[in-house]
Amino acid sequence: MTAATATTDETSRQTRISIGFLNWAHAADHYVLLIYPTVVIGLEAVYAKTYGELIALSTAAFLAFGIFSLPAGWLGDHWSRRNMMALFWFGCGGSLFAAGLAPGLISLGIALGALGMFAAIYHPVGMAMLIEASKARGRTLAFNGVCGNMGVALAAGITALIAYYLGWRAAFFVPGAICILSGIAYLWLVENDSHGKAARKSSPDVRLSRTSTFILFGLFIIIALGAGMAFNVITVALPKLIDERAGQGISLVAVGSIATAVFVVGGIAQLAVGRLVEWFAPHVLFVAVTLMLFIGAAWAVVATGPMLLVALALAMAGVYGQVTVNDIVLARYTADAWRGRVYAVRYFLVFVTAGAAVATIAFLHERGGFDLVLMVTAGICLVFFLATLGLAFMVSGAEAQKPVAVPAE
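Adding 4 to a residue's 1-based position in the sequence shown gives its number in the working numbering.
Shown next, in the form of structure tokens:
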């Protein structure tokens, strides 16, 4: 084996290890944020407080999850993405232990706020690392997205089991220990990237004019807000929507099972888009996926019974499928040297819409039921689709242009 071959093999091994940790971190990131919403059920008896009073403690965590993505992306670009991910592991682990040891509700709320702050590191930093390591391969990004969805899906069940058998504090201690052990393994197995910071590309894969660049990122702001609202409204409202409109007299278990099946369709669509993006131009596929989302949402306005489930499955396929292709399209027009900051802005906008989506559902449902909720959602999806269509027209010519080389400083 030649020295060059050995070096290539070592680089490939490092890449696989790094991607493996990023997938694991995505699952852990969503899991840790959803521990408290399950633990809180048992705390009503412990602290003699209502559910509303106790669940409000998690507000700081979810606010921090959105707000602190901005400085996290900046630090990743200017310092070290690998070290920021190590901070993610140790910060989440320490915050979980602080939550488990909290003597009262005030200290518990502070610990949850710190958890949200450290959990905010993953999306701007981890996604920039994943794009760089995978060369924006669709299947790699899609699988990473599914890992995050698994963290969401497993959080409630695993947390409930730990709390039932070991107590609510253990529900924080066990994942806290796993996070710290993961951080130790991460530092041991993944090389520092600070030496490669200066070598990051300062130009994107596809170069646009200054005016086109400003228009592009204006469209991406609209897309980020539309994606966040559509995703959160559809996923949050889905169980209740099925309960009210899919059929009369179905049990809660049946509602949960149907909702899970619809979510599974979304996961399958996300994997499928990850493969399709390797065969079709990403901006064209982006338009097709958002059109599918709009058709599903608009169909759901008038559909009932089994046809409603088909419409919701179509919308869910679109809302999950757009996540992967959205990241890939953004990566093509963002230089690696400042990609973390761009992803930070994108995920900040996506995450802050979560609270707005819940408030929107409550406001609209009180005034017009799910008819009004679905009509407004379809309108949001239409704006989302039109923004991606405008983006596709603008960049279609630029796709054929060769990137302009920028000399090393």
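The beta-carbon is built from N, C-alpha and C at its ideal position, and this holds for glycine as well.
Which term fits Gly-372, buried or exposed, when burial requires 16 or more other beta carbons within 10 angstroms of its beta carbon? Counting the other CB atoms within 10 Å of its CB gives Gly-372 a total below 16, which places it among the exposed residues.
Evaluate the contact criterion for the segment 56–71 versus the segment 131–142: three or more CB pairs, one atom per stretch, below 8 Å. Result no; under three Cβ-Cβ pairs closer than 8 Å.
Starting from the Cα of Leu-318, find the closest Cα among Thr-294, Cys-96, Val-377, Phe-367 and give me that residue. Selected option, being the one with the closest Cα: Thr-294.
How long is the line joining the alpha carbons of Cys-151 and Val-277, rounded to whole angstroms? Distance between the alpha carbons of Cys-151 and Val-277 is about 15 Å.
Measure the CB-CB distance between Leu-119 and Val-36 and report whether it falls below 8 Å. Their beta carbons are under 8 Å apart, which means Leu-119 touches Val-36 by this criterion.
Going by beta-carbon coordinates alone, are Phe-290 and Val-329 separated by less than 8 Å? Contact: yes.
In angstroms with no decimal places, state the Cα-to-Cα distance between Arg-279 and Arg-143. Distance between the alpha carbons of Arg-279 and Arg-143 is about 5 Å.
For Val-36, which of helix, strand or coil comes out of DSSP? Assigned with DSSP and collapsed to three states, Val-36 falls in helix.
In the structure shown, what three-state DSSP assignment does Ser-22 receive? Correct three-state label for Ser-22: helix.
Cβ contact (3+ pairs, closer than 8 Å) linking the segment 161–172 and the segment 75–91: No contact exists between the segment 161–172 and the segment 75–91.
What separation, rounded to the nearest whole angstrom, lies between the Cα atoms of Tyr-55 and Ala-241? Straight-line Cα distance between these residues: approximately 20 Å.
Beta-carbon proximity list for Gly-149, same chain, < 7 Å, skipping 5 on both sides: A distance below 7 Å between beta-carbons, with the five flanking residues on each side excluded, links Gly-149 to the following residues of its chain, in chain order: Gln-274, Val-327, Thr-328.
Excluding sequence positions up to five away, which residues of its chain have a Cβ less than 7 Å from the Cβ of Met-296? Excluding its 5 nearest sequence neighbours in each direction, Met-296 has C-beta neighbours in its own chain below 7 Å: Leu-318, Ala-321, Gly-322, listed in chain order.
Out of Phe-388, Met-398, Pro-128, state which residue places its alpha-carbon closest to the alpha-carbon of Met-88. Measuring from the Cα of Met-88, the nearest candidate turns out to be Pro-128.
Can you list, in chain order, the residues of its chain whose CB lies under 6 Å from that of Leu-393, leaving out five sequence neighbours each side? Excluding positions up to five away in sequence, the list reads Val-291.
Beta-carbon proximity check, Ile-125 vs Phe-92, cutoff 8 Å: Result yes, Cβ atoms of Ile-125 and Phe-92 sit closer than 8 Å.
Just to confirm my understanding: we take Leu-38, look at its own chain, exclude 5 residues before and 5 after, and list those with CB closer than 7 Å. What are they? Cβ within range, chain order: Val-156, Ala-159, Ala-160.
In the structure shown, what three-state DSSP assignment does Gly-222 receive? Helix.
For a test of the three-state rule: what should DSSP assign to Phe-72, helix, strand or coil? In the structure shown, Phe-72 sits in coil (DSSP, three-state: anything other than H, G, I, E or B).
Pull up the CB-CB distance for Asn-153 and Gly-24, whole angstroms please, since I reckon it's below 8 Å. At roughly 17 Å, the Cβ-Cβ gap does not stay under 8 Å, so Asn-153 and Gly-24 are not in contact.
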